[in-house]
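Under mature numbering (1 follows the signal peptide of the UniProt record, and there is no 0), read the sequence shown as residues -18 to -1, 1 to 80, first letter to last. For glycine and all other residues, C-beta sits at the position ideal for the given N, C-alpha and C. Bear in mind the structure is a predicted one, so any value in this text is a computation, not a measurement. Below: the structure, in structure tokens.
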Amino acid sequence: MRTALLSALSLLTLSAAAFNVSVTFHGATEDESYSLLFPTDTTAVQIDNPMIVYSISSPGGGFCTFVGVEGEDVVIFAEDEETLTTPQAMKWGSCDNN
């Protein structure tokens, strides 16, 4: 019984394994953007790029929250693109695989 329980828990852990989500931060023009990978383990990742961000997109894979230097938060889920109310450089981001 104990072995079966441990095996089941191991399978659950494998199915919820962390992966990286590719996220693109878009600037004022089509030529302005940068991309970063965020782990889906809820780690807060500091963003040091000073570019003013107008929108954030991802091809999919996670549930992510980003916070700008002026305090605005943006949430993207799966394949999504969200526009910031107030364009600003980003401060940090965090993703989960839920």
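Pick out whichever of D23, E14, A26, T22 has its Cα sitting closest to the Cα of S37.
Taking the sequence shown and counting its residues from 1, the one referred to as residue 37 is at position 55. Looking at the Cα atoms, E14 is the closest of the given residues.
Cβ atoms of T25 and F1: under 8 Å apart, would you say?
Along the sequence shown, one-based indexing puts residue 1 at 19. Along the sequence shown, one-based indexing puts residue 25 at 43. With respect to the 8 Å criterion, F1 and T25 are not classified as neighbours on the basis of their beta carbons.
Looking only at its own chain, which residues have a Cβ that is under 6 Å from the Cβ of A60, when we skip the five neighbours before and after it?
By 1-based counting over the sequence shown, the position of residue 60 is 78. Once the five neighbours on either side are set aside, the close Cβ partners of A60 are G42.
Counting only C-beta atoms, is S40 closer than 8 Å to chain C at any point?
Here there is only one protein chain, and chain C is not present.
Buried or exposed for residue 146, please, with buried defined as at least 16 other CB atoms from any protein chain shown within 10 angstroms of its CB.
Any question about residue 146 goes unanswered here, given that the chain covers just -18 to 80.
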